[in-house]
Structure formats: structure tokens, C-alpha cells
Amino acid sequence: MSDSGTLALVESPVQLLNVLEWAHVHPPAVPTPRPGTAKAVPGPVAPGRPLTIVALAPRDPMTRGQLRRMTELAMDEGITVRWCEARSSRGSLLRTAAELTPALRAAGRIVLGDPFSRLVQVLLPLSRAKEITVVDDGTATMEFTELLAKGARLVRWHRSGRRLSPADAAFGVFASAARRRLTPGAGRRVELFSSMPASPPPGMALRANRFAWTRARFGPPTVSAGTDIVGTSLVETGVVDPERYLTAVAALTRAHGATRYFAHRRESADKLHRLTAETGLQIVRPDLPLELIARRGPIGHTVLSFPSTVVHTLPLALEGTGVKITVCDVDPEWLTDQASPRAQSFLSGITGSARDLHGLASVASGTAPGN
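Following our numbering, the numbering of the sequence shown begins with 2 at its first residue and continues without gaps.
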């Protein structure tokens, strides 16, 4: 089998960002641009496999917009990008699989960002790659390594405990095949590239993501004297009650003098309108992952965040800037009846690990600074 290089499968802007971070410390070969189309490639590029990123387009408009912007940054780095509408119609999955099969079979390495994705789980078994790299898809990476070590179904934490639908059961064969491909074995090397406190199973290599590309490419930012709040999609995923969440954000705003609210790309417009009306916060809809927005600046001297990926990534992206990241604990009373039985322990684990690894402070909703 000829090795045509590295193929990355991404479905979100954060995944694509982490592929760029991986490529920064594992530099690919960059194809020679056609005359008249050359773009500057920052920094030296070491010899290696050529990298092609396949963006499997999501449906959500905000996510699509951020992913488009990230593909532009990738192309600025001299990387080839393919945009695939894998969810546009009933037959688009099969059409995408057929279109990508030659590239999947030829690639010597596959890089992917979401091992829980059904789309990825369908595509991955089509590959013959002997090397697989999993980059972060947020805090789900912590769940992925735990489930893989147990040989359990790859199901996101906020969906665990729900009854299997007929579609879930029918999809099981693809999920099982993908899990086998992601398990290190004879002749197959699996690497985790992560900024999360994940513990890879035996045989899986671990490489730390320190956000070196982000720090080299952007900033340092202007740091204001104010306080910013980072939003979360815990309401949209059915984990946290919306009224409890709005009350918590209002209390944090009053206690800490917050002025801006960085919305998660999945937060609903109705919820954000209510936040503005009830708190006076300026809603910021980032066009790039928050790590890049914060690194470009301006950013508040204090950033308050509920348990999420950014309590592990922002301390790395903003290293040396003096910005203080503080985690707001999620009270068990905020959880909905539909929340997974694992929700509280998972969210507490994010907060606890952020305190231990990055020395972050944590506050309860409504407490004043320093309490």
C-alpha cells in the first residue's frame, strides 16, 4: 500500500484548531502551490507526510461559520482542505463515504477529532492506516479514554443512561468496528494529542497539546480591567435547567462586575436575548474558537467559566498574560430530570482537575470575588 500522507477528519472549529496544533509539533510536508496561488507559510516546515484536512460540515449555522473561518486559517498555513456536505440530505453520508474511500484507504495516518461521531465511526473502518491520532474534541476526550479502556460503547456522557433507539442498535456494528480501530494493537499505533487530563489506555501514546501554534500565531492580547463570562451549552444539551442557569449568570454578573458574555456556538438566540435583557451583559458571538479570540484580545483580566473545555485550554493559550481564569461550580440543584446520572460527577471532575492542574480558583454562583 502506498502512503499518500495524513488525512484529518474534523467536524467542529475546535477539532480543526487542535489539528493545527498537532501539525505544529508534527510538521507535515506542504505541497508546492500552483503558480499565482502561493500563500505565505509562517515558520519553517519540516519534511513529513502531506496533510489534508476534510471538514465534514455540520448543520448548525454558527458552527459552520466558525469552521469555515478555521479552514481559511488552515489554508493560510499551506494545508490542503476539503469541504464535504456530509449531512445535507438522506443520501449524503453514503455519497461522502464513497468520495472519501480512496483517500481513506491511501492515507498512512488518520487524525480525527470526534471518536463519538457516527459519521466518523462509519468512515474510520474504511481506512487501512497503521497510525491513528485522536485530537481533543473538548472534555469529551476524558470520556473517550475512559470508555475505550473499559471496552465500552463510545457514547457521550450527557447521553449515557438513555434507552437505545432502533437506530442506535442498528448502528452498533459501525461503532464496534470503529472502537476496534481506535484500540492500539499489533501493527497499529494510536496516539492521543490532548490538553485534557485524560488517561490513555495501555498502548496508546500521549502527546501534550500546549497550544504552541495559537501562542505563536496570535497575541499577546490587550488585557482590560474588566471581567468576562464564558457561556456554556449545558442548557441546550438538556443537562442544566434554563431558569437556574439564567439566575446563576445574573448572580455572577452582579458579584463580579462582569460586562461581556462570550456565547457558546450552540447557545440559543432566545436564551441569549434573555441574558441581555436581564443582566445587561454584552453578548459576544465569536467567529473563531474562544482560545483564538482570547489570544487576539482584548480580554478581561478575569474570565469566569462554567465547567467546560476552556478551563483547561485558556490557561495554556493565555499563559504569561496575567489573565485569571475562575471556574463557577454547577450546583446539583441546577440539573434537569433528563440529565445523565453521570452529569454531576463529570462536571465536578472538570472543575477539580482544572484546580489541580492549572491552579484555578472556583466560585459558587452569587459569591463575591475571594469568597
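Beta carbons: idealized from backbone N, C-alpha and C, even for Gly.
| Check | Outcome |
| --- | --- |
| First and last residue of the uninterrupted beta strand (DSSP E) at Val55 | Leu52 to Leu57 |
| Lys131, enclosing beta strand (DSSP E) - first and last residue | Looking at the DSSP string, Lys131 is not in any beta strand (DSSP E), and its letter there is neither H nor E. |
| Asp229 (DSSP reduced to helix, strand or coil) | strand |
| Status (buried if at least 16 other CB within 10 Å, exposed otherwise) for Gly79 | buried |
| Burial state of Arg91, where buried means 16 or more other Cβ atoms lie within 10 Å | exposed |
| Phe263 - DSSP class collapsed to helix/strand/coil | strand |
| Own chain, CB closer than 7 Å to Gly353, minus 5 neighbours either side, in chain order | none |
| Same chain only: Cβ atoms within 6 Å of Ala206, ignoring 5 sequence neighbours per side | Glu192 |
| His257 - DSSP class collapsed to helix/strand/coil | helix |
| Proximal residues to Trp214 (C-beta, below 6 Å), its chain only, five neighbours per side dropped | Leu21, Glu22 and His25 |
| DSSP state of Arg208 mapped onto helix, strand, coil | strand |
| The stretch 323-337 / the stretch 304-314 touching (three or more Cβ pairs under 8 Å) | yes |
| Cut-off 7 Å between Cβ atoms - residues of its own chain near Ser118, not counting five sequence neighbours on either side | Glu12 |
| Residues bridged to Gln283 [DSSP beta-bridge criterion] | Arg261 |
| Residue nearest to Gly232 in terms of C-alpha spacing, selected from Leu253, Arg218, Ser225 and Ala226 | Leu253 |
| DSSP beta-bridge partners of Lys325 | Thr303 |
| Option in Val236, Trp335, Leu291 and Asp332 with minimal Cα separation from Pro316 | Leu291 |
| For Ala9, three-class secondary structure by DSSP | strand |
| Residues that DSSP places opposite Thr140 in a beta bridge | Asp138 |
| Nearest residue (CA-CA) to Leu183, options Gly66, Pro203, Ser196 and Met197 | Pro203 |
| Val240 in three-state terms, based on DSSP | coil |
| Nonlocal neighbours in the same chain, by C-beta distance under 8 Å from Leu361, ignoring five residues either side | Val312, Pro316, Ile326, Thr327, Val328 and Ala355 |
| C-beta atoms of Thr140 and Arg266 nearer than 8 Å | no |
| Beta-carbon gap between Asp137 and Met197 smaller than 8 Å | yes |
| Pair within 8 Å by beta-carbon distance, Ala58 and Cys85 | yes |
| Delimiting residues of the alpha helix (DSSP H) encompassing Glu22 | Pro14 to Val26 |
| Given Ser363 as reference, the closest of Glu73, Pro342, Ser200 and Leu305 once Cα atoms are compared | Leu305 |
| For Asp229, the nearest candidate out of Met143, Arg255 and Glu279 (CA to CA) | Arg255 |
| Enclosing beta strand (DSSP E) for Thr81 [first to last residue] | Thr81 to Cys85 |
| Closest Cα partner of Asn19 within the set Arg88, Phe194, Asp338 and Arg110 | Phe194 |
| Alpha-carbon to alpha-carbon, Arg216 and Pro299 | 15 Å |
| Opening and closing residue of the beta strand (DSSP E) in which Arg110 lies | Arg110 to Leu113 |
| Selection from Ala176, Arg189 and Ser89 that minimises the alpha carbon distance to Pro116 | Ala176 |
| Secondary structure of Arg189, DSSP reduced to three states | strand |
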